[in-house]
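Beneath this line is the structure, given in structure tokens, with notes to follow.
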Amino acid sequence: MNKSFSDHESECVGFSRTCEDSKETAEIGISTTEVCSFDKTTEPVATRSIEVQTTERSSQKPATIDDSALLDFMRRFAPRVEEELRKKNKHFGSEYTQAISKNEDDIPTKKITSLVKHKTMEKGKIKHISWSCYGNKIALSVSHMKHEDWCKHDSYILIYSCDKNEEFTNEAQECIEINTCIMDMKFHPSLNSLFVLATEEGKVYYYNLSEKQENNSPTVICHNNEKITQISWVTLNSQTCLAVSGADGILSLWVQLTLAENWKQLKKFTFKSIEDTTERAINCFEFSTLNSQNFIVALERKLLLRCSTAVTSSSLIDSEFLNPTISEYDCSSTLITCIRFSLFDEYIFATASIDQQIRVHHLNEKTPISVISTEYVTSTLEWNHLQEEVFKNCSMNGEIQFYNYRKNALVKTLKPSDEIISAAFKVKGMKQMFAIADSAGDVSLWQTSLFI
Ligand SMILES: [Zn+2]
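Residue numbering for the sequence shown is 7 to 458, as defined by the working numbering.
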């Protein structure tokens with residue numbers, strides 16, 4: 007631990023700023039003492055100056071503002087606002103974070119409930135799980151994991167909603183049938199009833215659950231010639247866009263300016279170069295959470311690329327496409343299945359791959375800064391929402407391992423099941439909740455502490 011912090015002095019500075027930011031909370035009983043005393047072991051001088059600031063500033067602020075209540079409200083009802091504020095200041099909300107961490111021992115890991123099984127679950131596997139932005143809906147995709155060249159498998163989207171006690175005890179509220187395999191599915195990041203799904207036959211559909219669409223037919227956002235490999239919501243220049251990647255090696259960005267308008271294509275990227283025009287399917291991609299101009303793309307044949315949306319027309323491959331590639335990372339001797347940018351540091355991202363290695367990269371460094379070997383293949387990789395250096399890895403053997411990448415160490419393991427084929431995390435109030443599915447179609451909801 008000491009090594010970790012002496013290696014990363016910016017961390018100490020970060021904690022000091024936390025104290026500065028949390029000046030007004032001193033009066034409402036949220037303790038900053040833990041963090042300040044932590045600083046005392048590393049930067050005693052800085053800490054003393056902060057204590058002086060605390061006194062001065064608290065006299066200037068109204069004592070009635072309850073930051074923790076405000077942040078909790080925003081987290082539930084305006085998650086985008088919190089996201090934007092954290093982009094400006096990565097320590098935004100950290101006083102609330104400390105208040106929660108004080109209670110971490112009070113939050114046991116336990117199963118909350120199991121979703122009521124639906125008859126369609128016998129027809130396929132649960133490939134994807136997505137929580138709506140308010141956390142009161144869960145969507146499951148039931149689809150085939152593998153298919154022959156010609157895909158005509160029946161697939162289903164099941165929507166479960168909370169009852170008035172905020173519990174998922176009811177049967178699936180909706181079952182949407184799709185006549186081809188589902189490749190990806192995501193709820194909208196700020197509109198609770200909207201979700202998108204992508205199919206094997208190359209279409210991306212957009213559903214609004216709050217209104218019965220005519221003949222139950224969704225809007226088609228785009229229709230590619232080949233299968234879609236991933237869809238993700240991205241905030242670019244304050245606009246929520248949908249990024250779509252395909253087996254045709256194209257990544258496109260789409261936007262709908264108002265709910266009544268059609269979707270428009272903003273940009274279209276390809277990763278061919280003038281020297282090498284080979285078409286490579288995109289396995290997965292990820293835009294930076296804190297600076298969405300930066301994004302990472304993993305291509306088949308083991309290429310991991312750093313890309314930027316800020317490429318100019320000089321990168322034009324032809325009149326239609328931009329090549330956003332800036333550089334290539336080492337380490338891509340394997341197929342990468344998942345990329346996740348840090349929620350706190352715009353330069354840090356992690357990848358999971360089929361060789362059972364999780365690699366943490368710095369955006370500007372060719373080789374990974376940390377490599378962690380896991381015993382089983384990763385089904386889901388996510389950063390811990392409020393802990394900068396911790397990410398979690400759901401393994402196919404049913405374990406969830408929490409790693410601290412700075413210490414290169416496994417810090418906690420949960421074993422909620424014998425198998426996890428898909429998983430999704432959400433954060434609500436004082437608990438970390440997650441949903442996991444096994445290949446028998448059992449979906450269970452769990453809670454654990456936010457801090458590991
Ligand atoms: Zn299929």
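Positions of the beta carbon are idealized from the N, C-alpha and C atoms, including for glycine.
message: Using a Cβ-based criterion (distance less than 7 Å to any ligand heavy atom), does Thr186 qualify as near ligand 1?
response: yes
task: Could you check the C-alpha separation between Ser120 and Ile345 for me, to the nearest Å?
output: One C-alpha to the other measures close to 29 Å.
- prompt: Excluding sequence positions up to five away, which residues of its chain have a Cβ less than 6 Å from the Cβ of Thr357?
  reply: Excluding residues within five positions, the ones whose Cβ falls inside 6 Å are Ile342, Ile345, Arg365.
Any non-hydrogen atom of ligand 1 within 7 Å of Asp157 CB: Just to set this straight, residue 157 is Cys in the shown sequence, not Asp. Yes, since a heavy atom of ligand 1 falls inside the 7 Å radius drawn around the Cβ of Cys157.
query: Going straight from the alpha carbon of Thr225 to that of Tyr213, what length do you get?
result: 7 Å
field: Three-pair Cβ contact test at 8 Å for the segment 114-134 versus the segment 438-449
entry: The way I'd put it, the segment 114-134 does touch the segment 438-449; three or more beta-carbon pairs between them come closer than 8 Å.
query: Residue range of the beta strand (DSSP E) that Asn214 falls in?
result: Unbroken beta strand (DSSP E) run through Asn214: 209-214.
message: If I measure Cβ to Cβ from Thr186 and keep anything under 6 Å in the same chain, skipping five residues before and after, which residues do I get?
response: If we look at Thr186 and ignore the five residues flanking it on each side, its Cβ neighbours are Cys157, Thr205, Glu206, Glu207.
field: Integer-rounded CB distance, given that Leu305 should sit under 8 Å from Leu311
entry: 7 Å
field: Simplified DSSP state of Glu425, which is helix, strand or coil
entry: coil
task: Output yes or no for whether 8 Å exceeds the beta carbon distance between Tyr382 and Val396.
output: no
message: According to DSSP, Asn329 sits in a beta bridge with which residue or residues?
response: BP columns for Asn329 are empty, so no partner.
query: Is there at least one non-hydrogen atom of ligand 1 closer than 7 Å to the beta-carbon of Glu207?
result: No - ligand 1 has no heavy atom lying nearer than 7 Å to the Cβ of Glu207.
task: Please check if any C-beta of chain D sits within less than 8 Å of the C-beta of Glu217.
output: Given the protein chain composition of this structure (a single chain), no chain D is represented.
- request: Out of Thr264, Ser339, His367, point me to the one whose CA is closest to Tyr411's CA.
  value: His367
- prompt: Does the distance from the C-beta atom of Thr192 to that of Trp269 stay below 8 Å?
  reply: Thr is not the amino acid found at residue 192; the sequence shown has Lys there. Not closer than 8 Å, so no.
- request: Count the other C-beta atoms from every protein chain shown that fall within 10 angstroms of the C-beta of Ser216, then say buried if there are 16 or more, exposed otherwise.
  value: Result: exposed.
field: Residue(s) in a DSSP beta bridge with Val240
entry: Cys247
field: Candidates Ser251, Phe277, Thr241: closest to His229 by CA position
entry: Ser251
task: Under 7 Å Cβ to Cβ from Gln393, same chain only, skipping five residues before and after it: list those, please.
output: Phe457, Ile458
field: Nearest candidate by alpha-carbon position, reference Ile234, set Thr283, Cys247, Ala253
entry: Ala253
task: Between the Cα of Lys273 and those of Lys131, Cys247, Val417, spot the shortest distance and give me the residue it belongs to.
output: The shortest Cα separation from Lys273 among Lys131, Cys247, Val417 belongs to Cys247.
query: Where Glu202 and Met189 are concerned, what is the direct C-alpha to C-alpha distance, given to the nearest angstrom?
result: Looking at the sequence provided, one finds Val at residue 202 rather than Glu. Going from the Cα of Val202 to the Cα of Met189 covers about 11 Å.
field: Arg150: CB within 7 Å of a non-hydrogen atom of ligand 1
entry: A small fix is needed here, since residue 150 is His in this sequence, not Arg. True, at least one ligand heavy atom lies under 7 Å from that Cβ.
- prompt: Taking C-alpha atoms, which residue in His391, Leu387, Leu257 lies nearest to Glu466?
  reply: For residue 466 there is no data in the structure shown, the boundaries of the chain being 7 and 458.
- prompt: Can we count His134 as close to ligand 1, meaning its CB is less than 7 Å from some heavy atom?
  reply: No; taking the cut-off as 7 Å, the Cβ of His134 has no heavy atom of ligand 1 nearer than that.
message: Quick check: is any heavy atom of ligand 1 less than 7 Å from the C-beta of His391?
response: With a cutoff of 7 Å, His391 does not count as near ligand 1, since its C-beta is closer than that to no heavy atom of the ligand.
- request: Excluding the 5 residues preceding and the 5 following Val5 in the sequence, name in chain order all residues of the same chain whose CB lies nearer than 6 Å to its CB.
  value: Missing from the structure shown is residue 5; the chain here goes from 7 to 458 and no further.
C-alpha gap between Ser167 and Phe174, whole angstroms: Computed Cα separation, rounded: 6 Å.
message: Rounding to the nearest angstrom, what Cα-Cα distance links Lys372 and Leu387 in this structure?
response: So the alpha carbons of these two residues sit roughly 21 Å apart.
message: With H, G and I counted as helix, E and B as strand and the rest as coil, what does DSSP make of Lys125?
response: helix
Nearest residue (CA-CA) to Glu180, options His194, Asn390, Tyr162, Glu172: Tyr162
task: Let me know the secondary structure DSSP gives Ser265 once reduced to three states.
output: Per the sequence shown, the amino acid found at residue 265 is Leu instead of Ser. DSSP places Leu265 in the coil class of the three-state scheme, outside both helix and strand.
- request: Measure the C-alpha to C-alpha separation of His159 and Ile227 and round it to an integer number of angstroms.
  value: 21 Å
- prompt: Do Trp452 and Lys116 have their CB atoms nearer than 8 Å?
  reply: Lys116 is positioned such that its CB atom lies closer than 8 Å to that of Trp452.
task: Note down, one range per segment and in chain order, each alpha helix (DSSP H) of at least 4 residues found wholly within the segment 373-410.
output: none
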